[in-house]
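Asks:
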Amino acid sequence: MASDLGQPPPAKCPPRAPTTITDIGDDLLCEIFLLLPSLPSLVRAALACRTFLHAVRSSRAFRRRFRALHHPQLLGFFRETGREAIPPFVPVRRSSDPDLTAAVSGSDFFLFRLPEDSDSTPGWELKCCHDGYLGLANNVTEQIAAYNPLTQALHLFPQPLREILSKGLFPQPQRPKEIRMEVLEFHILFSEEDQRVFRMACVQFRNISKVPVCVAVFSPATREWQVLPWPAPPQPVDDDGDDWFGFCPGMQMSGFVYWKHKSKAYLLVLDNVTQQFSRVNLPHFLGKIDPTLFKLGQTKGGKLCMVTADDSDANIGTLVVHVWGADDDGVEKWMLEDTFPLSTFIDADKYLTEDDTTVQIEAVIDGFVYLSIKYDDYAESLISFCLETAELNTLFDDTYASPAYPYIMSWPPSLVCNKVSPCLKTPLEGKPWNLRYLAVD
Numbered sequence: 006m007a008s009d010l011g012q013p014p015p016a017k018c019p020p021r022a023p024t025t026i027t028d029i030g031d032d033l034l035c036e037i038f039l040l041l042p043s044l045p046s047l048v049r050a051a052l053a054c055r056t057f058l059h060a061v062r063s064s065r066a067f068r069r070r071f072r073a074l075h076h077p078q079l080l081g082f083f084r085e086t087g088r089e090a091i092p093p094f095v096p097v098r099r100s101s102d103p104d105l106t107a108a109v110s111g112s113d114f115f116l117f118r119l120p121e122d123s124d125s126t127p128g129w130e131l132k133c134c135h136d137g138y139l140g141l142a143n144n145v146t147e148q149i150a151a152y153n154p155l156t157q158a159l160h161l162f163p164q165p166l167r168e169i170l171s172k173g174l175f176p177q178p179q180r181p182k183e184i185r186m187e188v189l190e191f192h193i194l195f196s197e198e199d200q201r202v203f204r205m206a207c208v209q210f211r212n213i214s215k216v217p218v219c220v221a222v223f224s225p226a227t228r229e230w231q232v233l234p235w236p237a238p239p240q241p242v243d244d245d246g247d248d249w250f251g252f253c254p255g256m257q258m259s260g261f262v263y264w265k266h267k268s269k270a271y272l273l274v275l276d277n278v279t280q281q282f283s284r285v286n287l288p289h290f291l292g293k294i295d296p297t298l299f300k301l302g303q304t305k306g307g308k309l310c311m312v313t314a315d316d317s318d319a320n321i322g323t324l325v326v327h328v329w330g331a332d333d334d335g336v337e338k339w340m341l342e343d344t345f346p347l348s349t350f351i352d353a354d355k356y357l358t359e360d361d362t363t364v365q366i367e368a369v370i371d372g373f374v375y376l377s378i379k380y381d382d383y384a385e386s387l388i389s390f391c392l393e394t395a396e397l398n399t400l401f402d403d404t405y406a407s408p409a410y411p412y413i414m415s416w417p418p419s420l421v422c423n424k425v426s427p428c429l430k431t432p433l434e435g436k437p438w439n440l441r442y443l444a445v446d
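In the numbering used here, the protein residues as written are 6 to 446.
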């Protein structure tokens with residue numbers, strides 16, 4: 006009888022739960038994000054939802070891999086202040102990259118947030134550019150500013166008085182005219198854990214052999230400048246009395262500030278953490294090299310490197326790369342890494358005569374060398390050169406103007422998990438440029 010009725014219908018399988026974006030694991034998301042073309046594209050994707058943001062923030066390994074696979078993101082360059090009240094900014098224009106356009110247009114590169122004074126002409130002078138922050142000084146209002154145009158985070162400090170820098174440092178009374186001081190340098194010293202935590206340091210070199218360097222740090226707690234009793238730097242054996250009164254502008258990277266002596270082959274190095282000075286010797290032939298033909302930087306692997314040119318003439322010059330490392334005997338020194346003829350970087354269609362085309366080294370950042378190519382008085386280009394792949398990329402064609410400060414987009418604090426911004430608390434608001442960034446179609 007049962008056979009006449011046939012087999013019972015098969016039981017229906019329960020419907021599968023729909024797959025949502027939250028079902029994708031962090032590892033897979035990170036692999037997908039590595040395929041994005043640039044850092045602005047990553048920022049836009051990460052801020053789309055909390056799941057994406059958590060995946061990016063929770064992995065230091067992902068940050069290292071992303072940086073290794075992508076060029077440093079140049080957003081433009083600041084020209085040195087002339088008669089302008091603020092340093093003029095020239096953005097990268099690339100209509101095919103909407104994320105880059107969004108990053109530039111959503112930022113304050115006109116520096117509107119800086120305090121304005123009706124009599125402050127020339128106004129704000131750009132002193133340094135590091136990790137997305139600009140260090141600016143206004144001699145009229147006697148203020149110093151640390152400003153991030155992308156996040157629009159602004160910190161104002163009073164300039165250190167000359168009396169503060171001089172107080173209690175001279176071993177014996179001296180008449181003011183006997184003391185020569187170079188222009189003050191300002192450096193933003195970042196915390197290793199959180200880029201939003203930093204100190205403003207003021208460095209001054211003098212022609213006083215016993216106390217040749219004065220460093221003052223602004224304390225956020227007391228809102229005052231404190232002159233640090235740091236040990237004097239090691240003096241060279243052939244000190245001639247004025248040795249400390251001749252340094253090129255400081256170059257800052259990875260917790261250190263480096264100064265090359267203008268006429269002698271060594272670097273003065275300041276450790277931001279230990280607050281100690283040290284000295285690193287250079288090859289002797291670099292003693293009197295033109296500062297425009299010498300720059301320190303880092304390779305993609307984070308090693309200290311030195312890029313120099315033996316001549317600015319593009320027809321005969323050579324770009325030389327040294328890396329600081331240990332030899333077979335374990336002795337740390339500068340080791341030759343590679344050489345490139347300067348003619349490699351020249352556009353043959355623009356190259357006119359031997360005397361017209363010159364090359365300057367603008368910066369070395371994360372394994373990329375930025376070179377200024379000047380073909381004549383009216384045509385100057387900025388190119389990037391990858392030390393690892395030898396890839397050339399023209400960033401500004403005939404619209405660059407040196408000297409200038411290339412502005413490289415730093416890794417945004419909102420994409421970093423730290424004690425200040427733990428991974429479990431990931432608000433999507435609070436950064437004006439982020440909100441405008443998300444609004445771009």
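Backbone N, C-alpha and C fix where the C-beta goes; we use that ideal spot for every residue, glycine too. Values in this document were obtained by computation on a predicted structure and should not be read as measured data.
Rounded to whole angstroms, how far is the Cβ of Gly255 from the Cβ of Tyr263, which I believe are closer than 8 Å?
Replies: The Cβ separation is near 7 Å, so the contact holds.
Asks: Considering Cα atoms alone, identify which of Ala151, Glu367 and Tyr380 is closest to Asp361.
Replies: Answer by Cα proximity: Tyr380.
Asks: Relative to the C-alpha of Ala395, which candidate in Asp402, Asp382, Phe373 and Ala142 has its C-alpha closest?
Replies: Considering only alpha carbons, the answer is Phe373.
Asks: What does the alpha-carbon distance come out to for the pair Pro96 and Leu194?
Replies: Cα to Cα, Pro96 sits roughly 26 Å from Leu194.
Asks: Going straight from the alpha carbon of Met311 to that of Leu324, what length do you get?
Replies: Going from the Cα of Met311 to the Cα of Leu324 covers about 10 Å.
Asks: State the DSSP-derived secondary structure class of Pro96, mapped to helix, strand or coil.
Replies: It is a strand residue.
Asks: Is the distance from the Cβ of Ser317 to the Cβ of Leu298 below 8 Å?
Replies: Contact flag set, yes.
Asks: Using the C-alpha atoms, what's the distance from Ser259 back to Asp276?
Replies: Near 9 Å, if we compare the C-alpha coordinates of Ser259 and Asp276.
Asks: How big is the Cα-Cα spacing for Leu159 and Cys134?
Replies: One C-alpha to the other measures close to 14 Å.
Asks: Under a Cβ-count criterion, where at least 16 other Cβ atoms within 10 Å of its own Cβ denotes burial, should Lys293 be classed as buried or exposed?
Replies: Per the 10 Å Cβ criterion, exposed.
Asks: Which stretch, first to last residue, makes up the alpha helix (DSSP H) that contains His59?
Replies: That run of the alpha helix (DSSP H) goes Arg55 to Arg62.
Asks: Going along the chain, which residues of its own chain have a beta-carbon closer than 7 Å to the beta-carbon of Val285, five neighbours each way excluded?
Replies: Excluding positions up to five away in sequence, the list reads Tyr271, Leu272 and Val274.
Asks: So is Asp403 in contact with chain D if we call contact Cβ pairs under 8 Å?
Replies: The chain labelled as chain D is not found in the depicted structure, where only one protein chain is given.
Asks: Looking at Ala50: is its Cβ nearer than 8 Å to the Cβ of Phe38?
Replies: Taking 8 Å as the Cβ cut-off, Ala50 and Phe38 qualify as a contacting pair.
Asks: Thinking just about the alpha-carbon of each residue, which of Val220, Pro225, Ala226 and Ser224 is nearest to the one in Leu233?
Replies: Of Val220, Pro225, Ala226 and Ser224, the residue nearest in Cα terms is Val220.
Asks: Out of Leu119, Leu80 and Glu367, point me to the one whose CA is closest to Ala107's CA.
Replies: Among Leu119, Leu80 and Glu367, the Cα nearest to that of Ala107 belongs to Leu80.
Asks: Determine the DSSP secondary structure at Leu119, reduced to helix, strand or coil.
Replies: Here Leu119 sits in coil by DSSP.
Asks: Just the Cα atoms here: how many angstroms apart are Asp136 and His327?
Replies: Each residue's alpha carbon lies about 23 Å from the other.
Asks: What number of angstroms, rounded off, separates the C-alpha of Gly335 from the C-alpha of Trp329?
Replies: If I take the Cα positions, the gap works out to 12 Å.
Asks: Give the DSSP-derived three-state secondary structure of Arg68 in the structure shown.
Replies: In this structure, Arg68 counts as helix in the three-state DSSP scheme.
Asks: Expressed to the nearest angstrom, what Euclidean distance is found between the alpha-carbon atoms of Leu400 and Cys253?
Replies: Roughly 27 Å separates the two Cα atoms.
Asks: Excluding five sequence neighbours on each side, which residues of the same chain lie with their C-beta closer than 6 Å to the C-beta of Phe94?
Replies: Correct list, in chain order: Gly81, Phe83 and Phe114.
Asks: Roughly how many whole angstroms lie between the Cα atoms of Ala353 and Pro296?
Replies: Their backbone Cα atoms lie some 26 Å apart in a straight line.
Asks: Are the CB atoms of Lys265 and Phe191 within a distance shorter than 8 Å?
Replies: In this structure, Lys265 does not lie closer than 8 Å to Phe191 by Cβ.
Asks: Do Thr363 and Ala406 come within 8 Å of each other at the CB atom, strictly closer than that value?
Replies: For Ala406 and Thr363, no; Cβs fall outside 8 Å.
Asks: Going by beta-carbon coordinates alone, are Phe57 and Leu34 separated by less than 8 Å?
Replies: In contact: Phe57 and Leu34 (Cβ atoms closer than 8 Å).
Asks: Which partner residues does Phe162 have in the DSSP bridge list?
Replies: Beta-bridge pairing links Phe162 to Ile149.
Asks: What does Glu385 pair with, by DSSP beta-bridge criteria?
Replies: Glu385 pairs with Lys379.
Asks: Between which two residues does the beta strand (DSSP E) containing Phe191 stretch?
Replies: It spans Glu190 to Phe195 - the beta strand (DSSP E) in which Phe191 sits, taken as one unbroken run.
Asks: In the DSSP assignment, find the unbroken alpha helix (DSSP H) run with Thr349 in it and report its ends.
Replies: Element bounds for Thr349: n/a, residue is neither H nor E.
Asks: Less than 8 Å between the beta carbons of Gly322 and Ala314, yes or no?
Replies: Yes, these two residues count as a Cβ contact at 8 Å.
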